[in-house]
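Engineer: One structure is given below, represented as structure tokens, and several questions about it will come after.
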Amino acid sequence: MEVIAGRRSVRHFRPDPVPPEKVELLVQAANWAPSWRNLQGWRLFVLQGERKRELLAAVPETNRGRSGLEEAPLALVLVADPEQSGTREHKPYYLFDAGLAFAHLALAAWNEGLGTCCITWFQEEKVRSLLKLPAHLAVVALSPLGYPAETPAAPARRPWKEQVIFLDEGN
Ligand SMILES: Cc1cc2nc3c(=O)[nH]c(=O)nc-3n(C[C@H](O)[C@H](O)[C@H](O)COP(=O)(O)O)c2cc1C
Numbered sequence: 003m004e005v006i007a008g009r010r011s012v013r014h015f016r017p018d019p020v021p022p023e024k025v026e027l028l029v030q031a032a033n034w035a036p037s038w039r040n041l042q043g044w045r046l047f048v049l050q051g052e053r054k055r056e057l058l059a060a061v062p063e064t065n066r067g068r069s070g071l072e073e074a075p076l077a078l079v080l081v082a083d084p085e086q087s088g089t090r091e092h093k094p095y096y097l098f099d100a101g102l103a104f105a106h107l108a109l110a111a112w113n114e115g116l117g118t119c120c121i122t123w124f125q126e127e128k129v130r131s132l133l134k135l136p137a138h139l140a141v142v143a144l145s146p147l148g149y150p151a152e153t154p155a156a157p158a159r160r161p162w163k164e165q166v167i168f169l170d171e172g173n
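Mapping the sequence shown onto this note's numbering, position 103 (from 1) lands on 105, and the numbers just tick up by one.
As structure tokens, this is what we get:
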């Protein structure tokens with residue numbers, strides 16, 4: 003619970019590099035996420051240097067998360083293949099499965115003292131052309147990855163009791 007409740011979306015970072023073995027650990031954490039029929043239709047790009055800077059052109063100046071992509075040493079681009087992830091009764095699973103993978107990654111990152119920020123407001127076509135992605139791949143989310151330079155306050159959550167409905171035989 004300490005990691006789960008303590009994790010924050012981080013938007014300001016120190017420039018310190020992230021050791022490659024930590025990046026590998028985070029990818030392994032994502033790779034253990036559940037997915038529909040274990041199809042794992044997502045892939046993760048890790049960008050740095052000039053490739054990371056090019057990504058900024060796809061993110062609106064007014065997106066609060068943009069500063070994180072500027073400052074952190076690494077940027078993540080989470081993509082998914084809706085065909086590979088599968089669809090059942092008109093319900094595509096690629097966003098759900100990629101989201102679970104990101105959640106695993108973000109929590110493992112926080113546990114290592116690293117920050118992330120899920121960013122989904124960006125120009126998908128610009129990212130697609132930057133990474134030369136084929137048309138069948140969807141760009142699900144971007145994220146900075148690095149050591150936080152801020153301690154963000156926790157945005158309040160609804161009381162958990164309002165989120166749950168317990169049913170038994172009497173109701
Ligand atoms: C699907 C999704 C999309 C998001 N898109 C953005 C975004 O484009 N820019 C941004 O700054 N934060 C974005 N966020 C981060 C949320 O604003 C953040 O998770 C929420 O305010 C709760 O804060 P916390 O993550 O620190 O607990 C996104 C989060 C999710 C789950």
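Glycine is no exception: its CB is placed at the ideal position from the N, C-alpha and C atoms.
To the nearest whole angstrom, what separates the beta carbons of Leu-78 and Leu-144, a pair I think is in contact under 8 Å?
Structural biologist: Rounded, the Cβ-Cβ distance is 7 Å, consistent with contact.
Engineer: Quick check on Gln-42: buried or exposed, where buried means 16 or more other Cβ atoms within 10 Å of its Cβ?
Structural biologist: Gln-42 should be labelled buried.
Engineer: Under 7 Å: does the beta carbon of Ile-121 sit that close to some heavy atom of ligand 1?
Structural biologist: Yes, Cβ of Ile-121 sits closer than 7 Å to a heavy atom of ligand 1.
Engineer: With Leu-132 as the anchor, note down where its alpha helix (DSSP H) starts and where it stops.
Structural biologist: 126–132 is the extent of the alpha helix (DSSP H) around Leu-132.
Engineer: Please determine, among Val-129, Gly-172, Val-141, Pro-22, the residue with the shortest C-alpha to C-alpha distance to Glu-56.
Structural biologist: Measuring from the Cα of Glu-56, the nearest candidate turns out to be Val-129.
Engineer: Answer yes if the region 141–159 comes into contact with the region 104–123, meaning at least three C-beta pairs across the two stretches below 8 Å, and no otherwise.
Structural biologist: The answer is yes - the region 141–159 touches the region 104–123, with three or more Cβ pairs under 8 Å.
Engineer: Is the beta carbon of Arg-160 within less than 7 Å of some heavy atom of ligand 1?
Structural biologist: Every heavy atom of ligand 1 is 7 Å or more from the Cβ of Arg-160, so no.
Engineer: Report yes or no: is there a C-beta of chain B within less than 8 Å of the C-beta of His-14?
Structural biologist: In the structure shown, chain B does not exist; there is a single protein chain.
Engineer: Quick one: grab the DSSP three-state call for Trp-44.
Structural biologist: Reduced to three states, the DSSP call for Trp-44 is strand.
Engineer: Does the beta carbon of Asn-65 fall short of 7 Å from some heavy atom of ligand 1?
Structural biologist: Checking every heavy atom of ligand 1 against the Cβ of Asn-65, one is found closer than 7 Å.
Engineer: Any heavy atom of ligand 1 closer than 7 Å to the Cβ of Ser-11?
Structural biologist: Yes, Cβ of Ser-11 sits closer than 7 Å to a heavy atom of ligand 1.
Engineer: Can you find a heavy atom of ligand 1 that lies under 7 Å from the Cβ of Pro-157?
Structural biologist: Yes, the beta carbon of Pro-157 sits closer than 7 Å to at least one heavy atom of ligand 1.
Engineer: Where do the N-terminal and C-terminal ends of the beta strand (DSSP E) with Val-25 fall, by residue?
Structural biologist: Here Val-25 belongs to no beta strand (DSSP E); instead the alpha helix (DSSP H) covers 22–33.
Engineer: Rounded C-beta distance between Leu-58 and Arg-68? I'm assuming under 8 Å.
Structural biologist: Confirmed, about 7 Å.
Engineer: Ligand 1 and Pro-154: does any heavy atom of the ligand fall closer than 7 Å to the residue's C-beta?
Structural biologist: Pro-154 Cβ: within cutoff of ligand 1.
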